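Asker: If you're matching them up, the sequences are chains A, B, C and D in order.
With the numbering used here applied, the first sequence corresponds to residues 21 to 373, in that order.
With the numbering used here applied, the second sequence corresponds to residues 21 to 373, in that order.
With the numbering used here applied, the third sequence corresponds to residues 21 to 373, in that order.
With the numbering used here applied, the fourth sequence corresponds to residues 21 to 373, in that order.
Cβ coordinates follow ideal geometry from the N, Cα and C atoms, glycine included.
From a predicted model like this one, the values you see are computed outputs, not experimental measurements.
Number of protein chains: 4
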Amino acid sequence: MLVLMNVDASDEQTQAVCNRVEELGYRPHPLPGATRCAIGITGNHGAVEADSLSQLAGVAEVIAVSKPYKLVSRDMKSEDTVVRFEGSDATVGGAELALMAGPCSVESRAQLFRVAEAVAKTGARFLRGGAFKPRTSPYAFQGMGEQGLEILAAAREAFGLRVVTEAIDHESLALIDQYADMIQIGARNMQNFALLKLAGRASKPVLLKRGIAATLDELLMAAEYVMSEGNYNVVLCERGIRTFADHSRNTLDVSVIPAVKKLTHLPIIIDPSHAAGKRDKVAPLGRAGVAVGADGLIVEVHCDPDRALSDGAQSLYPDQFAVMTQGLRKIAEVVGRTLPEPRNVPAVVAVAK
Amino acid sequence: MLVLMNVDASDEQTQAVCNRVEELGYRPHPLPGATRCAIGITGNHGAVEADSLSQLAGVAEVIAVSKPYKLVSRDMKSEDTVVRFEGSDATVGGAELALMAGPCSVESRAQLFRVAEAVAKTGARFLRGGAFKPRTSPYAFQGMGEQGLEILAAAREAFGLRVVTEAIDHESLALIDQYADMIQIGARNMQNFALLKLAGRASKPVLLKRGIAATLDELLMAAEYVMSEGNYNVVLCERGIRTFADHSRNTLDVSVIPAVKKLTHLPIIIDPSHAAGKRDKVAPLGRAGVAVGADGLIVEVHCDPDRALSDGAQSLYPDQFAVMTQGLRKIAEVVGRTLPEPRNVPAVVAVAK
Amino acid sequence: MLVLMNVDASDEQTQAVCNRVEELGYRPHPLPGATRCAIGITGNHGAVEADSLSQLAGVAEVIAVSKPYKLVSRDMKSEDTVVRFEGSDATVGGAELALMAGPCSVESRAQLFRVAEAVAKTGARFLRGGAFKPRTSPYAFQGMGEQGLEILAAAREAFGLRVVTEAIDHESLALIDQYADMIQIGARNMQNFALLKLAGRASKPVLLKRGIAATLDELLMAAEYVMSEGNYNVVLCERGIRTFADHSRNTLDVSVIPAVKKLTHLPIIIDPSHAAGKRDKVAPLGRAGVAVGADGLIVEVHCDPDRALSDGAQSLYPDQFAVMTQGLRKIAEVVGRTLPEPRNVPAVVAVAK
Amino acid sequence: MLVLMNVDASDEQTQAVCNRVEELGYRPHPLPGATRCAIGITGNHGAVEADSLSQLAGVAEVIAVSKPYKLVSRDMKSEDTVVRFEGSDATVGGAELALMAGPCSVESRAQLFRVAEAVAKTGARFLRGGAFKPRTSPYAFQGMGEQGLEILAAAREAFGLRVVTEAIDHESLALIDQYADMIQIGARNMQNFALLKLAGRASKPVLLKRGIAATLDELLMAAEYVMSEGNYNVVLCERGIRTFADHSRNTLDVSVIPAVKKLTHLPIIIDPSHAAGKRDKVAPLGRAGVAVGADGLIVEVHCDPDRALSDGAQSLYPDQFAVMTQGLRKIAEVVGRTLPEPRNVPAVVAVAK
C-alpha cells in the first residue's frame, strides 16, 4: 500500500497521514522525492482500509501495490537512491561510479595496508576485506574476527577509505556496524531473513549480494526485508549465478542490471571477481559491468595472491587493477558516468599492532 | 586426515591416539564401526604430521582424505548411520522408513491437534510444523514463535510423535533444542555457517535440507559443519532444485539419492511437497522417492489447506496422505524397507490454552 | 481452434464440418473419442471465422484454444492415446507398461542377437539399437547405417520384438520408416523442425525425446509439429535435463510425468540410462520412473558393456536388466499397471550375413 | 593428433607429411600460421602411429591432443582466424568489429530494402534476415523461402552488404550457399550433426550459434564438425543461455567470450537481441558484448517492429541502432578495436518484383 501526497502537501499533512497509519497498527515509511512525498505502508497482510487514508488532507492517491515488494519499488520512489557516507565524498548510485577493492580476507595489518595504499592511489574510495569469512569447509580459514575489523578501521583512517566488510551473524553484524562503513550480506545469506532484519536495524548502509540462484524478485524481497526495518541505504550486488556453464566459476548475469534499474531505485554494483573465478577474466567482466550500466564494481585485489588465504586465483595484482581502472574511465563516459581520479596517498608505515 | 585402528585395537589405544591428536592442536572424532574404529581428525588446515600418528600402537593406517569432507564420508564410517530418538521406536536410516508429516506452520492448538491425530493414525512417527517461518516477504506470517513450540510439545505428549521444526537463528535454535526432537535447517540456510555451527553444538538430531542450488559436495560440506562441532546425528533432505523447468515449483532431483548413498553414511529423506508445489503431484513424487531408495519422506498435511496461512496449495488432506501411505508400503518392500503400521490413537481434546 | 461434435453426431455431419474447414483454407484433424468426436483445426494463424462452423449440423461447441498446442492437448482428446503396432500385442500407453531395451549402437549381428535374446526373455516387447548415431565428436563411431537397420530387422523376425531406432536426417528417416517399427527423434533434434515435419509424414509411430533444456511447452510443441503433419502416434520420452547438478550425467525430471499426464493424451516413457550416465544408478531411476507414473522405460543393455562402441558405462548387463524388471513388476501394481511376463525364446543362431 | 612443422620447413615437406597421413587412412588439415605450419590429423579414432610421422623431413613435433577438438584449438593454430569475404572489405575477427543487422524475417522487398538502407548508413557491412524460420509453433510464419533469398541477394547488390541467413535443412542450405554470403546455423540446430556436416562442405563461411544449453566444449565440437569437413571459416555466436533467471528471455553469458578467446582461434560475436527479448535491453547488452571483447554484434532491426511477423518486441528501430553504434565506437577503442564508419548510401527504390 502506497500513499502519494500532493505536490504542495505540507510536512504537517504528511505527518498526520503517518500518525493515522500507526493508529491502524501499520508502519509508515515517508520517502521524500524531488517533487512530492510518498508514504509506504508495511505490516499490512491484506488490504488496509484505504478509504480512511484517501480522505486525509494532502493525499493525492492511495495505490494498492500488486508486486510483493513496496519500499524497493520505483513506483514508490522514482528518483535513484544515492547512498552517502558521512564525512566523505564517496557515494553509491550517483554520477561517480563506486569502486570498491581489496583482499578477500584481512590476513594481517601489513598485508591490508599494502593493498589499501595501492587501492587508494587508483582513486577508489572503498576498501573491501573480510574479517568473518563464510567458508564452504569448516576446516578452512574463518577470518581474523574483531582483530580484522580493527585493522580495517586503522586502514580507513590512514588512507581515507570507506570500509566494506561482511557480517555472518548477529555478533559480527553488531561489531561491523560499529567498526565499518558498510555492512555486506553475502550471497549465501541473501535469504537469511533473521540477519536481514538485523541489518535493517543497523546504522550503516548495507551491500546485499544476490544469491547464487536468486531470481530478481527474491533479491528485491531481500532488500525489502532490510528496508522494512527502517534502513533505506541498500546497495544490490550481482556476482554471478549458478548455471550449467562450466567455463567460469559463475555466470555473470549482466542482463539483471537494466532489469534492476527499471524496477527499483536502489543502486546495483557488479562483482566481477567472484563471477570469473580466474584473474584473467576479471577485467573483461568489469568492463562489461560498467558498459551495461552498473553503479560500480567491487574487485578483489591482493599484493601476493599466490599466498592469499582465500580466493587468490581470482585476485588482481594492484597494477592490473590500476590498468583496468584506466579502461573503465572511457567506458564510463559512454554511459554518462565518471570514475574517481587517481590521487596521491601519503606514505604509511603499517606498524604491526 | 583419517586414522584407521586395527580390528583388535583396545579402547586404551584408541584413546591414546585421540590424546596425541589433541596435543598436536587438532580435534579427534572417534567413530566406532562394526569391525574396527576410525578416528577422524579435523582442524588441520594442511597436512598433519602423519608420521607421529602412524607409529602409535593399534594404528592400522593413516589416510590423507582428498575429498573436502571427512566426517560425513563413507570412507570414515562404512555402516549406515541410524539416527535414534530417546524413549521412542522412531528411527531415520534404519529398516523402517521415516514418515514425517504435518502442517507447514503451527497456526493454533486446535489446528495442530487435528492434523497430529490424523498423522499418528497412519503410523507416522514424526510430526512436522513450523513455529519460526523463513518467508520470502517480510509482510507474510512469520510463525507463532515459542508459543508454537509449546503447542508442538503438547501434541508430542498427546500422540506419541517426535517433533521436527525449523530453526532460523541462534534464539530459535536454542528454544527448539529444548522443546523439540529434531532441529530442521531450511534450504535457504544450508550455507548459513554460523547457524550450522550452533546446530552442531545442540543436543538434538539435525534435519538439513539441501539448498535450492546446492551441489552434492556443498550439501555434504554443510553436514560436515554440523558434525565437526560434535553432533553426528544429521539427516539430509532433498526438496527439489532450481532449474529452468517451469512445470513444477522445483525439480525433485531423485538422482541425488543413490549418489548420497555412495558417498556418505548419513540418511537422506525426500520432501515431495516443496518440490511439487501442487497437491496433485505430491503422491507421485513421494512414490518416486521411496522407489529410488530414500530413507523416508517429509510431507505437508493440513485439515483445511485452503485456509492455511502458508503452503496450502501443496498440502495434502489427511485422507490423501493415508492413501499415499498405503501405496508406499508395497514400494518399500521392493527396496527392502518397511513402513510403520497404522495405529489406534486415543481421542484427544485440543483444549485451547 | 477446436470443434466439439455432439455425442450423437453422425459421421456425415463430422465429415461436413471437415469439408467446410478445408474450404476455409485450414486443415481438419478429426479425433474420435469414447463418447464424442472432436475436430482440431490447424493452419489458422489468427482466428478462424468461428461463426460459420458453430452453425453447422452436429456441432456442440467451438473452442478457441489459448495454449499454443492443439492436437497434443487433453482439451482436444481426453482419452489417453494408446499407440499400437500391427501384428503385435505391443502397446505404449495402455495398461501394460512398455519395456524397450537394447544396446546404444548396433555393432554387429552377433552382438545385437545376443542382447535381443536376453531382452526378449524378460518379456520386453521392444528392441532399441542405434544405426545412425548423433555423436558429439565428428571423430567418434557414427553407426553402421543401413546395414545396422538390416540387422535390427532380422532380430525383429527372430525374436518377435518391435524395433525402435533413431533418425538424424531425411535419408535415415526414410530408411527407418521402411525397416523399423518406431522412429526415434533424439534429444538434440527435438527442435529440428524440418526433421519433425518429415516424421509427421512417416507411417510409423514416433518416439520423441525431450531436449536437454526443453520446457514442457516446447516438448509439446515439438509433438505438435509431428501431429500437425498427420502422424498422431507420438510417444514422449523424459531422459534427463541439464542443470548445475554434477553428480549425475543429467537430472531426471520425474515431476514432468504427472505434468504431462495432465496436459496431453500422449504417452510418456522414461530413459533412466541417459539420465544416470552410470550403470549403478539405472535401476533406482527406473523404479522411480514407474512409481511416478510413466508409461514405460527405455533402457540400454549390452552383453559386454566394457567393449561397447558407445555408452558402455551406462549400459546394464542382461541379468541386471532382468532383476530390475522383477522389482518393477510390484511397483507397477501400485500404480495400476502391469508388466509383460517373461517368455521362452527359441534358440537363434546369429549367423553373420 | 597434431604435427608441427619446422619454422623453415618447405612446402614440399609439408605436402609429403600430408600424403603420408592420407596413406595411413586419415585426413590431413594443413593450417599455415605466421611463423610455421601445423597439420591437424582427423579421422583417427585412437592413436595414429606417431613414430612414422615424427621421422619425416621438416617435422618439429607430433602432439597428441587430449581435448576432443582439434581443428578449432589454439594449440593447432595460435593466430586468430580472420574470416574474409570476396570482393568486400568486410571481415570477422579482424581489427574492425563486425556489425550485422537486419530484420528477424524477410517479409517483403519493400520491408527489407528500408531496413537495409538504414543498416548500411550506420556503416555496418552485414545484413541479416531470415528466409527459412525455425519456429516453435508449426502454425507460425515459416519464412518466405527461396523468394526471401532473392530479395536478400537484391539488397546485397543495392547496398553493398554481405548477407547472413539461416539454413534449417539440406535443401535450404544448398540454396543459401548459392544466394548468400554466410550460412547461419541456429541455436536449435547446433547439434544437428547432419546439418553441420553439410555446412562443412559448403563454400561460404558459417555463423554457428551456441545452443541454449550448450557447454563451451559442445559449442567447439559443433564447430569441429564443420571444420572436419573442410570449411575452416567458422564464426561462433553467443546469444544467451537458459537459466532459472526470468527477467530476460535468456541469460547473456558474457564470460564465454574470454573463455573462447583462450581456447580457440575462431572469432565469436554476440547477439544481444535474442538474449534480451526486449528492445530496451538490447543496447546495454550490446555495449557489454563489445566491452568484454567480442568480435562483433548481430542485432535485429526493423522499421516497423510492432507489425513484424516475428521477434518484433526485441527489434530496434533504425535510429536506436544508429545511436547504439555511436556508443560502441568509444568502447571499441578501449579494447583496441574499430567500428566501420557511417557511409553515404545511394537512394534505392525498392520496386516490388
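Would you kindly work out how many angstroms separate the C-alpha atoms of P158/B and R230/B, rounded to a whole number?
Answerer: When rounded, the distance between both Cα atoms is 23 Å.
Asker: Please tell me whether L228/B and A243/B are closer than 8 Å, where the distance is taken between their beta carbons.
Answerer: yes
Asker: Taking the alpha carbon of S307/C as the point to measure from, which residue in L317/C, R56/C, F133/C has its own alpha carbon closest?
Answerer: Contrary to the premise, residue 307/C reads as Arg rather than Ser in this sequence. The shortest C-alpha separation from R307/C is found at L317/C.
Asker: Taking C-beta pairs closer than 9 Å, name the residues in chain C that E238/D reaches, listed in chain order.
Answerer: T156
Asker: Residue ranges of each alpha helix (DSSP H) run of no fewer than 4 residues wholly in the region 133-197 of chain B, ordered along the chain?
Answerer: As far as the region 133-197 of chain B is concerned, its whole alpha helix (DSSP H) runs of at least 4 residues are 166-179.
Asker: Does the distance from the C-beta atom of R104/B to that of P360/B stay below 8 Å?
Answerer: no
Asker: With C-beta atoms as the reference, is P338/D less than 8 Å away from V319/D?
Answerer: No, Cβ-Cβ distance for P338/D and V319/D is not below 8 Å.
Asker: By how many angstroms is the C-alpha of M210/B removed from the C-alpha of L239/B?
Answerer: 7 Å
Asker: How many angstroms separate the CA atom of R269/B from the CA atom of L117/B?
Answerer: 25 Å
Asker: Smallest Cα separation from K298/D: which of H267/D, D324/D, V280/D?
Answerer: Nearest of H267/D, D324/D, V280/D to K298/D, Cα basis: H267/D.
Asker: If you measure from the beta carbon of T263/C to each beta carbon in chain A, is any gap under 8 Å?
Answerer: Among the CB atoms of chain A, one or more fall inside 8 Å of the CB of T263/C.
Asker: Taking the DSSP output, what are the residues bridged to N289/D?
Answerer: The sequence given here places Ile at residue 289/D; Asn does not occur at that position. DSSP output for I289/D lists C257/D as bridge partner(s).
Asker: Since V183/C and D315/C should fall inside the 8 Å C-beta cutoff, what is the C-beta to C-beta distance between them, to a whole number of angstroms?
Answerer: 19 Å between Cβ atoms; not a contact.
Asker: Enumerate in chain order the residues of its own chain whose CB-to-CB distance from G66/D is below 6 Å, with the five nearest sequence positions on each side excluded.
Answerer: Its pLDDT being 49, under 50, G66/D is placed unreliably by the model, and the measurement read from it follows with that caveat. Closer than 6 Å at Cβ, skipping near neighbours: no residue.
Asker: Determine the contact status of N253/A and G220/A, defining contact as a CB-CB distance below 8 Å.
Answerer: no
Asker: Compile a chain-ordered list of the residues in the region 212-226 of chain C whose CB is closer than 7 Å to at least one CB of chain D.
Answerer: N212, F213, A214
Asker: Per DSSP, what are the beta-bridge partners of Q204/A in this structure?
Answerer: Bridge pairing for Q204/A: E186/A, L227/A [DSSP].
Asker: Is the beta carbon of M344/C within less than 7 Å of some heavy atom of the ligand FAD?
Answerer: Of ligands this structure carries none, so the ligand FAD is not represented either.
Asker: Between which two residues does the alpha helix (DSSP H) carrying M25/C extend?
Answerer: Per DSSP, M25/C belongs to no alpha helix (DSSP H); it is in the beta strand (DSSP E), 22-25.
Asker: Can you tell me the Cβ-Cβ gap for F179/C and A121/C, rounded? I've got them flagged as a contact below 8 Å.
Answerer: Contact doesn't hold; Cβ gap of about 12 Å is too wide.
Asker: By DSSP's criteria, P50/D is part of a beta bridge. Which residues make up the other side?
Answerer: Per DSSP, I59/D.
Asker: Can you list, in chain order, the residues of its chain whose CB lies under 6 Å from that of N39/B, leaving out five sequence neighbours each side?
Answerer: Cβ contact annotation for N39/B (same chain, cutoff 6 Å, sequence separation greater than five): none.
Asker: Helix or strand or just coil, what does DSSP make of D378/C?
Answerer: Given that chain C is displayed from residue 21 to residue 373, the structure contains no residue 378/C and the question cannot be resolved.
Asker: Thinking C-beta only, is L193/D closer than 8 Å to V187/D?
Answerer: A quick correction: the sequence has Ala, not Val, at residue 187/D. Yes, these two residues count as a Cβ contact at 8 Å.
Asker: Go through its chain and collect everything with a Cβ distance to V276/D's Cβ below 7 Å, but skip five positions before and after it.
Answerer: L236, E258
Asker: Restricting to Cα atoms, I'd like to know which of S98/D, N26/D, E32/D, E42/D is closest to T284/D.
Answerer: S98/D
Asker: Closest to S12/D by CA distance: which of T345/D, S330/D, I351/D, F341/D is it?
Answerer: Because chain D here runs from 21 to 373, residue 12/D falls outside it and cannot be looked at.
Asker: So if I threshold CB-CB distances at 7 Å, which residues from the region 327-351 of chain A count as touching chain D?
Answerer: G347, K350, I351
Asker: By Cβ distance, which residues of its chain are closer than 8 Å to R363/B, with the 5 residues on each side in sequence left out?
Answerer: A140, K141, G143
Asker: Name, please, each residue of chain A whose Cβ falls closer than 8 Å to the Cβ of T62/B.
Answerer: P158, Y159, listed in chain order.
Asker: When you check each C-beta in the region 181-203 of chain D against every C-beta of chain C, which residues fall closer than 9 Å?
Answerer: I188, D189, H190, E191, S192
Asker: Can a CB atom of chain B be found closer than 8 Å to the CB of P52/A?
Answerer: no
Asker: Classify D95/C: buried if its beta carbon has 16 or more other beta carbons within 10 angstroms, exposed otherwise.
Answerer: buried
Asker: Could you tell me if T385/C is buried or exposed, where buried requires 16 or more neighbouring beta carbons within 10 angstroms of its beta carbon?
Answerer: Past the boundaries of the shown model lies residue 385/C; chain C is included only from 21 to 373, so the question cannot be answered.
Asker: Going by DSSP in three states, R363/A sits in which element: helix, strand or coil?
Answerer: coil
Asker: Just reading off the beta strand (DSSP E) that G316/B is part of, what are its end residues?
Answerer: 316-320
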